[in-house]
Amino acid sequence: MSESYLAAAVGKPGLNIAIFLVFVLITLVIVFWVGRSNQTASDYYAAGRAFTGTQNGVAISGDYLSAASFLGIAGAIATVGYDGFLYSIGFLVAWLVALLLVAELLRNTGKFTMGDVLSFRMRQRPVRAAAAVSTLVVSFFYLLAQMAGAGGLISLLLGVADDKSTFFDGQSLVIAVVGILMVVYVLVGGMKGTTWVQIIKATLLLVGAAVMTAWVLGKFGFNLSYLLGEAVENSPKSGEKILGPGLQYGKSAISKIDFVSLGLALVLGTAGLPHILMRFYTVPSAKEARRSVVWAIWLIGIFYLFTLVLGYGAAALVGPDVITQAPGGANSAAPLLAYQLGGELLLGLVSAIAFATILAVVAGLTITASASFAHDVYASMLKKGNSAPDAEVRVARRTALVIGLVAVVGGILANGQNVAFLVALAFAVAASANLPTLLYSLFWKRFNTTGALYSIYGGLITSVVLIVFSPAVSGTATSMIKSANFHWFPLSNPGLVSIPLSFLLGVVGTLVGRRERGAEAGYAEMEVRSLTGLGAERADAVVAHH
Amino acid sequence: MSTTGETLPGEGNAFERIQASPEFVELRRKLRRFIFPMSAVFLIWYLLYVLLAAYEPAFMSIKLLGNINVGLLIGVLQFVSTFVITTVYVRYANKHLDPAAEEIRERIEGSQA
């Protein structure tokens, strides 16, 4: 049975490509259609703030349910069982941080970027620079993960192997195509086009996952216990262990701490992800921002319940051994399950959805990173707020091109890494560099520029340095660099150290920093605006009066 | 708070006066009284889950119904608690936060017009 999977490609490559091309064609038409009305900075960055809460909620779930969620979690549950489930729980519970503490207040205070909020009552230039740096770093990590997912997927679908002997092989070509498409979406469609791509993708993904879930459950008489039993039967190596925690993270005292570290990074990372925060500016009010999060929580939660069934379903129907040996490894669990259920056609559809997922997420990341550079670095720092809005948008577009190029090269290098794991690193950096400053600025009156800089740079540098010297990068059989060993930090995920440290540095910096003139008034303005929505940017607002 | 009519947003004084007004203090109290304890509740509940998964795998593997074990049940309960907290917050915000915020905003915007 396993031989058919180990053949060069699964399904008919021609059919897979055809279904994918249909998706690309439809989305391109839509992006060109809505892109015609992109004129102002508010149009380009925030879609004129004209999306409803419901639309934005669907788009957020499209932005959030990345390749890590679909391919990564289903694959992790299929191969290591319960430990894969922790990802989905962390990814979901994290939304409560966004709902209760961040979304509405951020919507009321900022205009386009995370830097708007972080620097609101601080000295603009240094804090905006810090916010832009951390936005770029987090988005880069996140982009790497998505690009790596694209490479893995294509190896499965088109039978294009990862050829280690040359830098630019068939998979690299696919990564390059993904990069070009994402730049086109962003340049032509701006935030409006990107949002529509995300809405379409979220709908396809949710419907696809729902159909597969019902199909899998139907095969087992809608009896979850029976399904779990079959998954155990079909997992000769691990057996019963796949139903309980510990298979991946229970090996040693260190790996258990690593698990806690991962859990912390997941739950605190979401509300610090710049591309998620930026989505709250696309709606007209804080109330609509709240509505978006509520929709996102329901859609994302239901989707993760689907992946639980899909993961164990893949273990039961395909088998963990077949999955790990397939090209693309654990990431190929969902496509293989689709093939098992509905043959070539369902495989083609599911693969097209997975591609759509990657495309939509990378487009969202690109627009966020380019907005942060153009708005925080170019307009606010280099031009000190005196740039023409259309010049700012021009810079954002050029930045998007550069980011596309960087993402393609980085994606080729990161190809073959576990997607969910790479995304977890992005979460750790976001939780360390962004979340403490975000919460302190919104809720702590004394917080000042020095505190913000200590916390942002401290959290950013600590988390990135600890990742570089972690077993995730070097020294073990699953590291990015297997041939060298320069790791001294024992944990794969730095969250447990870097997140508390960043919170602490925010306090230390605030205490050593001097009190700033007008700090009281600045906090008064921020608090009144954030809680009441006074003076907040409305739909189709005229830009740049700040 | 009729004094706010004299100044426009952007001038610190106006905001400081709004911030000190009893209506605003009440709004802040209503917001913080809900979001801080609720955040503590869901974070502790989540961390408890993570710690149980890391250090008590035997407990999590106790079977309850067929192959459905404690771990799966607590995991799904994390989903349920997230949905419940979301719903409770939306109700609270609609009932207690939105009207208060709207009242303050309208009064100030009205006095500027």
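In order, the protein sequences belong to chains A and B. Just so we're aligned, residue 1 is where the first sequence starts under this note's numbering, counting upward by one. Just so we're aligned, residue 1 is where the second sequence starts under this note's numbering, counting upward by one. By construction, the Cβ of each residue, glycine as well, lies at the ideal position given by its N, Cα and C atoms.
Could you pull out every residue in the same chain whose Cβ sits closer than 6 Å to the Cβ of residue i, ignoring the five residues on either side in sequence?
i                      : result
residue 395 of chain A : 374, 378
residue 331 of chain A : 71, 75, 152, 419
residue 259 of chain A : 249
residue 304 of chain A : 88, 92
residue 255 of chain A : 249
residue 8 of chain B   : Unreliable placement is indicated for residue 8 of chain B, whose pLDDT of 46 sits below 50; the coordinate value is still reported in the next sentence. Result list for residue 8 of chain B: empty, nothing under 6 Å.
What are the residues that DSSP puts in a beta bridge with residue i?
i                      : result
residue 548 of chain A : This structure leaves residue 548 of chain A out entirely; chain A is present only between 1 and 546.
residue 30 of chain A  : Per DSSP, none; premise fails for residue 30 of chain A.
residue 474 of chain A : A:481
residue 331 of chain A : None, per the DSSP bridge assignment.
residue 154 of chain A : Per DSSP, none; premise fails for residue 154 of chain A.
residue 341 of chain A : For residue 341 of chain A, which the question treats as bridged, DSSP gives no partner whatsoever.
residue 69 of chain B  : B:63
List the residues of chain A that residue i touches, going by C-beta distances under 8 Å, in chain order.
i                      : result
residue 16 of chain B  : 520, 521, 524
residue 68 of chain B  : 224, 225, 228
residue 28 of chain B  : 527, 531
residue 136 of chain B : Here chain B covers residues 1 to 113 and nothing more, so residue 136 of chain B does not appear.
residue 51 of chain B  : 260
Quick check: what's the CA-CA separation for residue i versus residue j?
i                      : j                      : result
residue 313 of chain A : residue 59 of chain B  : 24 Å
residue 187 of chain A : residue 388 of chain A : 19 Å
residue 6 of chain A   : residue 398 of chain A : Low per-residue confidence applies at residue 6 of chain A: pLDDT is 40, beneath 50, and the placement is therefore not dependable enough to give any value.
residue 281 of chain A : residue 386 of chain A : 22 Å
residue 206 of chain A : residue 333 of chain A : 17 Å
residue 308 of chain A : residue 71 of chain B  : 13 Å
residue 546 of chain A : residue 117 of chain A : Low confidence applies to residue 546 of chain A: its pLDDT is 39, below 50, so where it sits in the model is not reliable enough to give any reading.
residue 541 of chain A : residue 528 of chain A : The predicted position of residue 541 of chain A is uncertain, since its pLDDT is 43 and thus under 50; a value taken from the coordinates is nonetheless stated next. Taking the straight line from one Cα to the other gives about 20 Å.
residue 283 of chain A : residue 196 of chain A : 14 Å
residue 44 of chain A  : residue 192 of chain A : 7 Å
residue 335 of chain A : residue 384 of chain A : 50 Å
residue 484 of chain A : residue 148 of chain A : 21 Å
residue 523 of chain A : residue 121 of chain A : 6 Å
residue 73 of chain B  : residue 46 of chain B  : 14 Å
residue 221 of chain A : residue 214 of chain A : 10 Å
residue 238 of chain A : residue 247 of chain A : 8 Å
residue 94 of chain B  : residue 203 of chain A : 28 Å
residue 290 of chain A : residue 482 of chain A : 45 Å
How would you list, in chain order, the residues of chain A whose beta-carbon sits under 7 Å from the beta-carbon of residue i?
i                      : result
residue 48 of chain B  : Near residue 48 of chain B there are no residues of chain A at all, since even the closest Cβ is about 11 Å away, more than 7 Å.
residue 111 of chain B : Within chain A, no residue comes near residue 111 of chain B; the closest Cβ sits about 12 Å away, beyond 7 Å.
residue 40 of chain B  : What residue 40 of chain B touches in chain A: nothing, since even the nearest Cβ is about 11 Å away.
residue 108 of chain B : 534
residue 35 of chain B  : 100, 101
residue 57 of chain B  : 244, 245, 246, 250
Got a sec? Which residues, its chain only, sit under 7 Å from residue i by beta carbon, not counting five neighbours each side?
i                      : result
residue 498 of chain A : 428, 432, 459, 462, 463, 466
residue 3 of chain B   : For residue 3 of chain B, the predicted structure reports a pLDDT of 35, less than 50, and the residue's modelled location is therefore unreliable. The matter cannot be settled from this model.
residue 194 of chain A : 185, 186, 363, 364, 367
residue 392 of chain A : 41, 374, 375, 378, 379
residue 450 of chain A : 509, 510, 512, 513
residue 4 of chain A   : A caution first: residue 4 of chain A carries a pLDDT of 40, below 50, which makes its placement in the model unreliable, though a value can still be read off. None.
residue 439 of chain A : 101
residue 146 of chain A : 66, 67, 358, 361, 362
residue 234 of chain A : 315, 316, 319
residue 301 of chain A : 92
List, in order along the chain, the chain B residues whose C-beta lies closer than 8 Å to that of residue i?
i                      : result
residue 405 of chain A : Within chain B, no residue comes near residue 405 of chain A; the closest Cβ sits about 39 Å away, beyond 8 Å.
residue 91 of chain A  : Those do not exist, as residue 91 of chain A stays about 11 Å from chain B at its closest Cβ, beyond 8 Å.
residue 297 of chain A : 82, 83, 86
In chain B, which residues lie less than 7 Å from residue i when you measure between Cβ atoms?
i                      : result
residue 294 of chain A : 86, 90
residue 532 of chain A : 101, 104, 105
residue 287 of chain A : 98
residue 249 of chain A : 54
residue 82 of chain A  : 71
residue 85 of chain A  : 75
Enumerate in chain order the residues of its own chain whose CB-to-CB distance from residue i is below 8 Å, with the five nearest sequence positions on each side excluded.
i                      : result
residue 31 of chain B  : 97
residue 129 of chain A : 376, 377, 381
residue 11 of chain B  : Interpretation of residue 11 of chain B is limited by its pLDDT of 48, a score under 50 that renders its predicted location unreliable; the figure taken from the coordinates is listed afterwards. Once the five neighbours on either side are set aside, residue 11 of chain B has no close Cβ partner at all.
residue 137 of chain A : 429, 433, 460, 464
residue 503 of chain A : 436, 455
Can you pull the chain B neighbours of residue i, defined as C-beta to C-beta under 9 Å?
i                      : result
residue 467 of chain A : Per Cβ cutoff of 9 Å: no residues; residue 467 of chain A is ~20 Å from chain B at best.
residue 309 of chain A : Chain B residues near residue 309 of chain A: none, gap ~12 Å exceeds 9 Å.
residue 305 of chain A : 76, 79
Residues of chain A with CB closer than 9 Å to the CB of residue i, please, in chain order.
i                     : result
residue 65 of chain B : 225
Open item on the list: Does the contact criterion of 3 or more C-beta pairs under 8 Å hold for the region 378 to 392 of chain A versus the region 222 to 239 of chain A?
Closed with: no
TODO: Determine, using beta-carbon pairs with one atom in the region 342 to 356 of chain A and one in the region 317 to 326 of chain A, whether at least three such pairs fall under 8 Å.
DONE: no
TODO: Inspect the CB distances between the region 34 to 51 of chain B and the region 96 to 110 of chain A and report whether three or more fall short of 8 Å.
DONE: yes
Open item on the list: Measuring CB atoms only, is the region 265 to 281 of chain A touching the region 73 to 93 of chain B, in the sense that at least three cross pairs come out at less than 8 Å?
Closed with: no
Task: Three or more C-beta pairs below 8 Å linking the region 262 to 270 of chain A and the region 46 to 56 of chain A - done: no
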